[in-house]
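Reading through the structure tokens given below for one structure.
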Amino acid sequence: MNELVFNRTPDTLKAVIYGADGSVLRAVAVDDAGRFLISPDSAVTVTANNLDIRPLSAATDSVLVTADSLEIRPLSGETDSVTLYGNAFVEDSVSTTLSPGASAVLTRDISPYSENSFFIRNQSAGASLPLAVQVSPVSDPDFFTTVPGGTGTITGVGNFIGAVTIPARYARLLVTVSGGSASVVAYYNGRA
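Residue numbering for the sequence shown is 168 to 359, as defined by my numbering.
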């Protein structure tokens, strides 16, 4: 019996490579240029205390860095460029009824964010609510102090918005209710 050993159309030959994931076989992926993909999203997570990498080329390289604290060498406009990939945005809200007296609302660690704001809506038509945006270096209630220009009063149903424009670790709304209780909805927004 005479079998054909060579294929006369090698361009039509294809191969699939599999890797074992426990007892499951999974096909190895490649990009549109035929290069192996290291992970399903083409990203490799690296944890490092001192990361030293080769010089990068804008034509072939990109690096996405997510870090709690990032210290890098001084950058040069001739050899370096940085593109902001995205801004982390966080929000929180509370809907509550406040008793008479001063109440702290939405105490937040704002240190990860460079822009912070508080919005509050008085939903009680008969209540007048003096309020203040406050900051503190620690979460101890005795350390909170009012942000300059961060005070206001909502008379009847209405809104107030205040921003934290000075560096601080913690921020909150301090709402004072006199007379009966007051129903409020408050929102915190922070952006890195």
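Note that CB positions come from ideal geometry on N, CA and C, so glycine has one too. Source: prediction; values computed, not measured.
Query	Result
My parser needs the beta strand (DSSP E) runs of 3 or more residues fully inside the region 275-337; what are they?	282-289, 295-303, 312-322 and 325-331
For PHE285 versus VAL300, is the C-beta spacing smaller than 8 angstroms?	yes
Under a Cβ-count criterion, where at least 16 other Cβ atoms within 10 Å of its own Cβ denotes burial, should ASN289 be classed as buried or exposed?	buried
If you drop the 5 nearest sequence neighbours on each side, which residues of the same chain put their C-beta closer than 7 angstroms to that of LEU265?	VAL342, VAL344, SER348, ALA349 and VAL351
In whole angstroms, give me the CA-to-CA distance for LEU218 and PHE203.	24 angstroms
Considering only the alpha carbon of each residue, which of THR313, GLY323 and ASN283 lies closest to ASN356?	ASN283
How long is the line joining the alpha carbons of PRO222 and SER190, rounded to whole angstroms?	40 angstroms
So that I know if they touch, is there some Cβ in chain B lying closer than 8 angstroms to that of VAL344?	The structure shown contains no chain B; it is built from a single protein chain.
On the CB-based measure, 16 or more other CB atoms within 10 Å of its CB, does SER243 come out buried or exposed?	exposed
Alpha carbons only, please: which of GLY317, VAL324 and PRO308 is nearest the one belonging to ALA269?	PRO308
Could you name the residues of the same chain whose beta carbon sits closer than 7 angstroms to that of VAL324, not counting the 5 residues immediately before and after it, in chain order?	ASN289, GLN290 and ALA292
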